[in-house]
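Next comes the structure, spelled out in structure tokens:
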């Protein structure tokens, strides 16, 4: 275990390197920070930190920079979550309050996160598998053609056309709409197939074919939409950090184009707490020079999806964690109120 003083030296190295982009020397540390010890003692502490693998010396400089292991210890032991200022919180609320639907909420969230953190922002759409039914609407487009509209508790809307095997009157349509909603509203999507399986039998024989077709379309929609959707923004921000990527920025950009990679980066939505993955903790090789800060968001205290940012390991972790957490909280409030 490192002593408190050596932890303080590591904290100072991380803060200075993130702020200046320059390797940090013992003389600079004692001048900038009240460590209460001589430069010689700081040099000794830095030697121990280097031996333990928390800092390293770039071959071009006498100073030291944090390693992935050093950043990990900083995040776990030393970095509090930096609270946003009142104007920043108000700006977040005003920007997100103007959203008109779920796509707009997700789009605004991506832009906001990218602007606040100056990193790449990634937002996962609320998953249908973790959502409940708010309403099922059935609209008549022609005697034998309907539109099915599925609305979730998170504001997600899915529309499907249904070609019926026979004409279906307005009275029968209203009856089906009422019976369907009485069974599924407020229920989890995973429960819907069981809840509606015997519904056709409660209708007249001539209507059962159409009822079965409508239900088949509804269940197909649930299956199709279990595939996760993401929105990404702020990729151009990476160009500001060219020197932070030891090889090329291309592997990072290529990894960010793969949705499966991004979903794994964000992690499972049920892990709603703050997650910070640093450098080589990211399984995808192209992202070994990046860090990912993510958190779950949702309504009613339950996470339905994740959002976060991707940036270089030389990241303002307290500020980034604070911004990600604040935005997630506001998005959750919007979903709860929508």
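In the working numbering, the protein residues as written are 13 to 350. Just so you know, even glycine gets a beta-carbon here, dropped at the ideal spot from N, CA and C.
{"Query": "Neighbourhood of residue 244 by C-beta, 6 Å cutoff - its chain only, sequence neighbours within 5 removed", "Result": "134"}
{"Query": "C-beta contact flag for residue 233 and residue 162 at 7 Å", "Result": "yes"}
{"Query": "Identified DSSP bridge partners for residue 2", "Result": "Residue numbering for the chain in the displayed model covers 13 to 350; residue 2 lies beyond these limits and cannot be assessed."}
{"Query": "Residue 287 - containing beta strand (DSSP E), residue span", "Result": "287 to 290"}
{"Query": "Length of the line joining the Cα atoms of residue 339 and residue 58", "Result": "37 Å"}
{"Query": "Where the beta strand (DSSP E) through residue 146 begins and ends", "Result": "145 to 154"}
{"Query": "Sub-7 Å separation of residue 332 and residue 129 beta-carbons", "Result": "yes"}
{"Query": "Any non-hydrogen atom of the ligand SAM closer than 6 Å to residue 348 Cβ", "Result": "Among the ligands in the structure shown, none appear at all, so the ligand SAM cannot be discussed."}
{"Query": "Cβ distance (whole Å) where residue 164 is taken to contact residue 191 below 8 Å", "Result": "That belief does not hold up - the Cβ atoms of residue 164 and residue 191 are roughly 20 Å apart, past 8 Å."}
{"Query": "Identity of the residue in 65, 52 and 202 nearest residue 13 by Cα", "Result": "65"}
{"Query": "Inter-stretch contact at 8 Å, needing at least 3 Cβ pairs: the segment 171 to 188 / the segment 154 to 161", "Result": "yes"}
{"Query": "For residue 63, the first and last residue of its enclosing beta strand (DSSP E)", "Result": "From DSSP, residue 63 is part of no beta strand (DSSP E) but of the alpha helix (DSSP H) over 51 to 63."}
{"Query": "Local conformation of residue 212 per DSSP, three classes", "Result": "helix"}
{"Query": "Nearest candidate by alpha-carbon position, reference residue 231, set 206, 219 and 242", "Result": "206"}
{"Query": "Euclidean distance between Cα positions of residue 6 and residue 35", "Result": "Since the first residue shown for the chain is 13 and the last is 350, residue 6 is missing from the structure and cannot be characterised."}
{"Query": "Span separating the alpha-carbon of residue 370 from that of residue 223", "Result": "Given that the chain is displayed from residue 13 to residue 350, the structure contains no residue 370 and the question cannot be resolved."}
{"Query": "Opposing strand residues paired with residue 245 [DSSP bridges]", "Result": "133"}
{"Query": "Residue 175: first and last residue of the uninterrupted alpha helix (DSSP H) it sits in", "Result": "Note, residue 175: premise wrong, no alpha helix (DSSP H); beta strand (DSSP E) at 169 to 175."}
{"Query": "Span separating the alpha-carbon of residue 277 from that of residue 304", "Result": "7 Å"}
{"Query": "Nearest residue (CA-CA) to residue 139, options 309, 349, 18 and 197", "Result": "309"}
{"Query": "C-beta atoms of residue 346 and residue 118 nearer than 7 Å", "Result": "no"}
{"Query": "Separation of residue 194 from residue 179, as counted between CA atoms", "Result": "24 Å"}
{"Query": "Sub-7 Å separation of residue 274 and residue 299 beta-carbons", "Result": "no"}
{"Query": "Three-state secondary structure assigned by DSSP to residue 99", "Result": "helix"}
{"Query": "Residue 86 versus residue 321 - alpha carbon distance", "Result": "18 Å"}
{"Query": "CB of residue 94 within 7 Å of CB of residue 330, strictly", "Result": "yes"}
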